[in-house]
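Structure first, then comments.
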Amino acid sequence: MIFCYSLSNPKPNKCMEISTIYPLRCNYPRLKKLMLVMKLTITLIIAACLHLSASTFGQNITIAEKNTKLEKVLNQIEKQSGYTFWYNTELIKKSPKISLDVKNATLDQALTLCLKNLPLTYAIVQNTIVIKAKQVNNLVAVTEQVAPAKITGTVVDEKGMPLPGASVKVKGTNAGTVTDVKGVFNIDVQDNSILVVSYIGYKTKEVAITGNTSLTITLTPADGLSEVVVTALGIKREARSLGYSDQKVSGADIIKADPPNISEGLMGKVSGLNISIPNGVEGSSSRIVIRGNNNLLGNNQPLIVVDGVMIDNETILPGGVNLSTQNLLGQNNDVSQNQPVDYGSFLNTVNPNDLESINVLKGPTAAALYGARGANGVVLITTKKGSKQKGLGLSYNFTDRWNDPYRFVKLQDEYGSGMTQALYSADAPFLKDANGNNRQFNENDQYGQDYGNIPGGGAFYNYIGFPGDGASWGPKMSGQPLVWWDGVTRPYVGNPNIFKSYYKTGQTRTHNLSFSGGGDIGTLRVSYTRTDNDAITYNSNSAQNAFNIGSSINVSNKVKVEATVSYTNVSRLNAPNIYGEPNGVGYITTYGLPADYKPLERGLTFNPDGSQNQMVLNNAPYPSQGVQNYWWNTLENNTTFTQNQLIGSVRLIADILPWLNATAHTGINYYTNQFETKNTPTDVTGLKGKYSNDLSTVKTINTDALLTAHKKDLFKDIDGSISVGASNYHNQLYDISAYNNGPFAVPFLYNLLNYTGNNIYKPNENRLESEINSVYGLVNLSYKKYLFLEVTERNDWSSTLPASNRSFSYPSASLSFVFTDAFKMDAVKNWLSFGKIRVADASSANGTVPYQTSFNYNQSTFGGQSALTFPTVLPTHVNPQTSHSIEIGTELGFFDNRIDVNVSYYNINSYNQILPINVANSSGAPNITINTGSLQNRGIEFTINAKAIASKNFSWDIGLNGAHNSNKVVSLSPGVDQIPLGTWFGGNGVNMNAHVGDQYGTIYGYDYKYLNGQKVVNLIYGDGMNTGNGPVIGAQYATTPNYVKIGNATPTLTGGLSNTFQYKNFSLYVLADFKIGGQIWSADYSSFMGQGQAPETLVERNGGGLPITYPDGTKGNNGVILPGVTPNGQPNTAVVNSWWKYAGNYQSWSNIPMVRSNGIFTNSWAKMREVNLSYRVPESVIKHTKILQGLTLSLIGRDLFYIFTKLPDNMNPESLTGTGNVQGIQWNQLPGVRSFAFSIKSNF
Amino acid sequence: MNRKRNILKTMGFIMMLVAVSSCTKKFDTINTPPFGSPTANVQQLFTGFESNMQLGDPQVSYNSWVYPITQQGIVYTKADYVYGTDGNENWVSFYNNLSNYNAMMGVIAASKDPAIYTNVTAMVKVLRAYQAIKLSNMFGAIPYSEAAKGVNYSASNQGVLKPKYDSQQAVYLSCLADLKWAVDHLSTTDATQYNMGNADVLLLNNITQWIEFANSLRLRVALTMYDKDQADAASQVTEALGKPLLDVDNTNVGLYPGTNVPNMNLEARQYSFGTECRLRMGTTMWQLMSSTNATDGSGIFDPRCSIFFEPNNAGQWNPFPQNPTAATPAEFGSPYNSLRDNDWSNKNGNPPTTNLYANFNYYWARDVNIPELFMTAAEVHFLKAEAYLRGIGTAANPVTAQAEYNAGATASINFWTTQAMNSTVWVQNKPTGLPNAAAFLANPTVAFDAANSAHALKQIYAQEWIDMFRQPWEAWTLMKRTGQTPADPNNAAGYTTTYGSYNRYQYPSSEQTYNFANWQAATGGSDLISTKVWIAK
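Structure (structure tokens):
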């Protein structure tokens, strides 16, 4: 065998394959070159011979000789086979006598037995059998023949680490053994026997015993298509045997471009995995959906399993509130107001540097064994457990990343703040201050006395709703001197970027130090990571310390323990508040800043003594006082979020018998989340402050055990294994929070008891608890290593269901067929190197969130008396919700697997969802929890990996993945034709509903009303009653009487394209991801249009409209005719101020019906997501340092630019509101952020 | 041997796995909600029922819409708040209570001795009737006889989620029957009866008062439907007049935050007089309270005027026209701003604007003693006055009618004066003693016009309407059924244009969405606010 380390040989696999019989020892580096030449010569000859022997030997040879001369036996064979022998007679004569007893043997068998104990071997060249001495080369002497010997060997992986449980068999016999936990085996063999060593995920290797009694056998990993993947319950399987898709991403691939967290590191890398991070704010939570939404309401995110510890990716919210519960709110979930400040989710705190790999199990097929919790798919995270290293085993990585908010919405900067004055005059005068000077236009006056009414009509908000302070319908800004609200005279000029003063460049620094090592007893890796982040918004930062220990310990010959512990401590000051009214930065900047905005407030926030400047507070600079407290709140109302998380996992692996092994595992995820809020007193005496504290603890323990019996050749050519297991999952949350709204008794002292007055601040509590017990079984059968069947059955008992429905079971089956191994496909072999098809069929069932199924009165006290009121959600006797999936796929390798293609088609139906549906209140309650609704996800996914160029100095790898999913609402319970997912501003905004027959996530709102194919225009008359009396003063499009479908958020195609170029020590990695199709309703765009901020609104104001005469007699070209017909069917000819076209038809926040389809966009985009340019310092340089083992320097870019986007005016395509199920609404976007980083990776 | 033992071990392991995982003993405990209660007793449900009768959030809607509709007040600009939200919220609390009622009946029936709960049953029937009538007056037909049975849902019994609607008449008859049952069954003498004690936060288990309340309510309900169903109404009026009413001991039924309901949450009341509250004193009320338009208040003869309202920031009694025109100066002041807690005179608010018009007294927002009223003794007097004047259920007797009218007006001014006197926060214009009733009754506007019964009837309605100042929904009902409540004749068309079509509420959208067939049957598909309810003229 040739032992070649991959470090020294660029193509180790090739030489392995063709030289499996005659061992060379090449682990002496100096001999490398010489050996290479010999190796090639010899192996070529032998390979040729073997090929012949395999295909032509068919003769029946029968010989029965005892203690006979070899020559005589050979003669007999010659006669019976018709072959001619060619040999050195001396050699044959020297040979001892042999015994041979064969019946109907092949020539091969006869010769093998014949020469078995002799130092001879044979080769066949055409019809000649060449017998020669078994002297292979000059380096390894042929040893003297020895009697049956005890062989001791160690099987190791490519890194030299022992492989326990590897199978060692003597070729052609039934004798065999497996390696122990140290990878050691003992076996009795005849010399010249051949050992067949196999281990899952590694190439099977044949090793000839040539007198060595102590061997070290190195296995090399199998290539792409037959690699090992981690599947449910941590079971490792060969990829070729899987009947379902299980996509693996290595830890190295995830951290290639220094992602802020794992979610972002996965973007664009896994087909069918849709990840959204609202606005890309670092540290905010992510929404991950695999394939599509399986639940109408509630949690659609996959289960996260870290080294066997089950974790969900729920957004961290104060009060122990669970976002799933919020999603269950359905129609009461108003995303324009209910968006919480986002403190991230679990995946934010998993340290990417500690990742070995991530496996994404898509859908119920792969997750059948995670049961209830895995119904949305599973993301399996495996952390590093350490390995034997050269040198000290120490590595240090450092990255410094700058986050640059660069992509701001483009707004007009020609017309200043104002609302209705533009309707009065072409040259509306400014207001005057007390000294008669012009002052900034509409201070305190947006809804106010001067221009509150439409000329000739009533209050403007009765026509168009409620614009924010950003309304910019004011006069043209041309440098006129104006007295600003702070009393200073400034030229009236536009602000080309009103957003800028709210953002700055953020920075994230990560230090990662790890030690990894291994020895006989096992392996160990210890790592510490420190991350410091300063956000792109002010007074927001975070720091994270992550300690991780991963180890694999060989306790005894039969028992191995894998243990990991990670402790993470996060401290986060003021996560960016995006949506909150009035202090969300997204809210303020998109809704509250007019085109003449000047960032003055910040400097005026404080009095010299540090107290709040009431001048800003009371002389609110803007009409609805939006910005007034922004800076005080941002800088002085501080919430610190602290998370301490401990994840521990212990897995015990025991080989009870050669055919029986058991694993037991316990994992715990325990964390505390604390929110401590300190609002600095606004007064100089320090009493008007506030304080609150909120502490929650969450504990999840899951314990499981699995017993596996396996047998080779269970039947002819069939290997089989059967496993039975059980698990227990227990989850518990407790939260307690209390606040002290003051006034304080002791100045500037923050605690819960420091208050005066009669207020009694009572604490709030929250609890959640659930448990799932399960038993399960798996049967795996493999036929000739090309046909694989897996059947599973699982039974769960869920505490969340009514007692009689608690127990439920569900099966799965999957089949994998490697047809290129099964059939002789010589015709296509030269281009199709691997081919597999797979089919899977799986069911899954699920409980629900706790407390949905028991009848429970609401408690309160009234007048000091105990009072109970009827529950608002009625429980019923619900059954588990179920899902059923079918998946068909193929994996193909072309041109020696230089191109790998993996395609899956799936169909997932989710039935009987447990939902608290809305019902008529008159039934006694607004909601009732029943089984209802069926959703279908049907789609196709593909990944293509190609080595476009693979030469010694240059390589080019391409990876492309894509997915299309159709997410259809198939049925709801009788009488219910839609279930609301949530709304934006309720009645007159837009709604997202699950409607029978539609795609999940259809957007509903008012659309245009049509008459004979023409849009209907409502003319507004001077009497305010639309009766047609009086002059026309305005025009607005009529809306449909009811909500109609105006869009759908489901994208048509999502995916990513990566290119990796390697030139000598340089590598360049570029990843773009894309989302094609899928609509959003943009509340921001609607606001910008309605408030006269969008550049589109300039056309008429700049004279591009029709001539109109203003009420004061002035004239201008600012008129429009809304195309359409009046309600009586006559063509609309009324020319109105262009204000009506925009303010009158777009305004987002309106209690008046507006045509909402105006704000719908198909949100297709492609983005340059990750770029990494690395330079690996050559070994020749490294060597001189004596201590360094490796050094890589990288320049990294993230989120660099959009290759294309369909949204206008630089609007942010990735700024959907929150991570709930309402994913079709954009509101309060932040600017796009790009990142540049520098990274050092070093090993010692 | 060895092999066998291993197999046994394995089997044992498997058995253990199964046993451990199928253990679900703790599941019931785990899945017990940590808050709330799976069971309830009669007292808890009763108090829960009463807690659901607080005014709560609908007050915003009353302040935005109902006052200008009844003309008890005016808003200077039509409200931003959506019309009918109070209807929705009353709808929700009523059906929640209807479920509570059913649950309570279940608990009583299952108790050892249901007979001891006769008084309690009667009390809760009265409360249910009060709420059902209130709701029906807002909407018309409502789901009633089949309603609140969703708890009985099963896959084979889905109909309970979609109760049919009962006509307003059916609701009235059913409630009258309940009230009669209550009056007939409430016992002040049966010592075995369960005593709710202070857990009855409305009347502290005062059975005498419960009888009066039940009987008075019967009088109100019967009179309200009299013009539509004289046959059923008259006998109820007769019976009611023959039994004790709230006027016997001058009982004013309501939730009294200062006494019976300590720590009652009044945030919604405060909120309803918040920054977007546009309520002002209207000319309709002003004309009934002041004999002149003198803005110095010299013409005010009704002592309730300075309790209900306060002058503008310039100290002027300047009512906002009930039916404003384009010429009406616009109003911008903010008399309900919280700065007034420290600076009472600042009705202009901040940023300062000018408060031109007299507004509702800010004490309504700040007081923590003024009750949320169900029914006053004064109203009973007025109902009796109407019955005697019109001869409903009794022989017409204008003299008695006049006496009751005078008693009612006196009770009303005394009641409201007492409320102001009892207020802990009231400082400005706080009355120091009961008003001079004789002088008040002598005022030409108030003095009973015995000579003109039609006018007298309008006077009765007017005083009743004033007395209902803090029960605007009741004033609206009175307006609907009589059509004769006070209205400002100036620019009356303006009223018709602005508020004339607001006759009822549309059903909550959940009805149309989730109870479509019955909603369709009840509305004929046109669920219009302009549709008049059955009792309306």
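Taken in sequence, the protein lines are chains L and F.
Sequential numbering from 89 applies to the first sequence in my numbering.
Sequential numbering from 947 applies to the second sequence in my numbering.
Ideal Cβ placement from N, Cα and C applies to all residues, glycine included.
Fair warning: this is a prediction, and the values are worked out from it, not measured in the lab.
Cβ-Cβ separation, residue j to residue i (assumed contact under 8 Å), whole Å
i	j	result
LEU1234/F	ALA1467/F	Going by Cβ atoms, the distance from LEU1234/F to ALA1467/F rounds to 42 Å, so no, they are not a contact pair.
PRO1109/F	ALA1093/F	4 Å
THR754/L	THR791/L	5 Å
VAL1120/L	ALA955/L	Actually they are not in contact, since the Cβ atoms of VAL1120/L and ALA955/L sit about 57 Å apart, beyond 8 Å.
GLN1181/L	ALA683/L	6 Å
THR993/F	GLN953/L	5 Å
Contact with chain L by residue i, beta-carbon distance below 7 Å
i	result
GLN1458/F	no
GLY1096/F	yes
THR1023/F	yes
TYR1445/F	no
Paired residues, beta bridge with residue i - DSSP
i	result
HIS965/L	HIS965/L is not bridged to any residue.
VAL863/L	ALA814/L and ASN883/L
GLY977/L	ARG926/L and SER992/L
PRO1004/L	THR1017/L
THR619/L	THR598/L and GLN632/L
ARG489/L	THR596/L and ALA1325/L
GLU1318/F	LEU1201/F
PRO1219/L	VAL1213/L
Beta-carbon proximity list for residue i, same chain, < 7 Å, skipping 5 on both sides
i	result
PRO1432/F	GLN1017, THR1230, LEU1234, ALA1408 and TRP1411
PRO1195/L	LYS1203, ASN1205 and GLY1207
Contact set for residue i: own chain, Cβ-Cβ below 6 Å, skip 5 residues either direction
i	result
PRO428/L	LEU405
LEU482/L	PHE603 and PHE1332
THR1064/F	HIS1131
TRP1044/L	ALA1036, ILE1037 and PHE1149
TYR1157/L	LYS344, THR1148 and ASN1260
THR785/L	THR760 and TYR822
Beta carbon proximity, residue i to chain F, threshold 7 Å
i	result
ASN645/L	no
ILE1016/L	yes
ALA1231/L	no
TYR685/L	no
ASN1009/L	yes
THR957/L	yes
Spatial neighbours of residue i in its chain, beta-carbon cut-off 8 Å, leaving aside the 5 residues before and after
i	result
TYR1441/F	GLN1017, GLN1268, ASN1269, ALA1433 and ASP1434
LYS1376/F	ALA1366, MET1367 and SER1369
At least three beta-carbon pairs within less than 8 Å, the stretch 725-744 of chain L to the stretch 756-770 of chain L: Yes, the stretch 725-744 of chain L is in contact with the stretch 756-770 of chain L.
Contact between the stretch 497-508 of chain L and the stretch 269-276 of chain L (3+ Cβ pairs under 8 Å): At 8 Å Cβ cutoff, the stretches do not touch.
Any 3 or more C-beta pairs closer than 8 Å across the stretch 1206-1217 of chain F and the stretch 1232-1250 of chain F: Look at the beta carbons and you see the stretch 1206-1217 of chain F not touching the stretch 1232-1250 of chain F: under three pairs across the two are nearer than 8 Å.
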